[in-house]
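K.L.:
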Amino acid sequence: MRSFKSIEVQSGIDLYLTKSSTQSVEIKAKSDIIDKVITEVEGSTLKIYFERGSRWNWNNNKMSAYVSTDQIEKLSASGGSDVEAEGRFVGDEMYINGSGGSDIEMTLSCDKLVVSVSGGSDIEVEGDAKTLKIEASGGSDFKGRAFEAKIVQANVSGGSDAYFNVSEELIARASGGSDIHYRGDPKRKDIDSSSSSDVKKYRE
């Protein structure tokens, strides 16, 4: 398998990601479906998904992917796939995308982190970034209580919530019954909330 810099996982396949100097991919599933779990590299992206057009019993057929790599530029989970990452991933720009009821947990340090979470998904991160950009919608949550950023731009809508720490600049938009909770004393703030939404400081 060719080397990769990004990962896309879908079809309810759970991804267990480990930081390592060498890249490896291992799939675990029942013998009657394991051949239908596809792993392929397109460009620089590792794609993990269940064979198109095939059917399986979601409840009785757990599928897991175990992936080791040193760096990740983009991580995307959709269709009920969950991601658990072990180790701290370091990079310049990093992108995390969770949709369709997927959950992602990871630790990272980067110059810029861009997060998109939608469709009842949750993304929980620890670590730090100079700049953090958040787009959350459709009853999704960004959980960054243990994440530090100097500059944060957050746009949260549709019954979603976001938590993070910010030290220098905050641009926050909350609408449609959503809340943004931040900790810190940014010198520059541009805040707007509407439709039963709120942007507020929190203490824990």
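Residue numbers 1376 to 1579, in our numbering, belong to the letters of the sequence shown in order. Even for Gly, the Cβ is constructed at its ideal location relative to N, Cα and C. None of these values were measured; they are calculated from a predicted model.
With L1507 and F1539 assumed to form a contact (beta carbons below 8 Å), what rounded beta-carbon distance in angstroms separates them?
P.N.:
6 Å
K.L.:
G1476 to L1390, Cα distance in whole Å?
P.N.:
14 Å
K.L.:
Could you check how far apart the C-beta atoms of V1461 and S1491 are, in whole angstroms? I think they sit under 8 Å.
P.N.:
The amino acid at residue 1461 is misidentified as Val; the sequence shows Glu. Not quite, the Cβ-Cβ distance comes to about 23 Å (not below 8 Å), so this is no contact.
K.L.:
Just to confirm the assignment, what range does the beta strand (DSSP E) spanning Y1538 have?
P.N.:
D1536 to A1549
K.L.:
Would you mind stating whether K1575 and H1556 have Cβ atoms separated by less than 8 Å?
P.N.:
yes
K.L.:
At a cut of 8 Å, does the region 1481-1488 reach the region 1528-1542 through at least three beta carbon pairs?
P.N.:
Counting Cβ pairs under 8 Å, fewer than three are found: no touch.
K.L.:
Between the C-alpha atoms of S1515 and I1498, what's the straight-line distance to the nearest angstrom?
P.N.:
8 Å
K.L.:
When you compare only the Cα positions, how much space is there between T1482 and V1500?
P.N.:
5 Å
K.L.:
What is the C-beta distance between K1394 and N1436, in whole angstroms, given that I count them as a contact (C-beta under 8 Å)?
P.N.:
Not quite, the Cβ-Cβ distance comes to about 28 Å (not below 8 Å), so this is no contact.
K.L.:
Using the three-state DSSP reduction, which class does A1409 fall into: helix, strand or coil?
P.N.:
Residue identity check: residue 1409 is Ile in the sequence provided, not Ala. Residue state, collapsed to three classes: helix.
K.L.:
Cα separation between E1417 and I1408?
P.N.:
23 Å
K.L.:
Nearest-angstrom Cα distance between D1457 and L1450?
P.N.:
In this structure, the CA atom of D1457 is about 11 Å from the CA atom of L1450.
K.L.:
Measure from the alpha carbon of Q1385 to the alpha carbon of each residue in S1399, K1422, S1571 and M1376, then state which is nearest.
P.N.:
K1422
K.L.:
Can you check whether the CB of I1479 is closer than 8 Å to the CB of A1452?
P.N.:
yes
K.L.:
Would you list the one or two residues that DSSP bridges to Y1441?
P.N.:
Under DSSP, Y1441 forms a beta bridge with Y1391 and E1401.
K.L.:
Hey, V1541 and G1513: beta-carbon distance below 8 Å or not?
P.N.:
No.
K.L.:
For the beta strand (DSSP E) holding E1459, just list the boundary residues, first then last.
P.N.:
D1457 to G1473
K.L.:
Rounded to the nearest angstrom, what separates E1426 and I1566 at their Cα positions?
P.N.:
45 Å
K.L.:
Is S1419 buried or exposed, if buried means 16 or more other CB atoms sit within 10 Å of its CB?
P.N.:
Of the other Cβ atoms in all chains shown, fewer than 16 fall within 10 Å of the Cβ of S1419; this residue is therefore exposed.
K.L.:
Rounded to whole angstroms, what is the Cα-Cα separation between L1545 and Q1528?
P.N.:
6 Å
K.L.:
Sort out for me which residues DSSP pairs K1508 with in a bridge.
P.N.:
V1489 and Q1528
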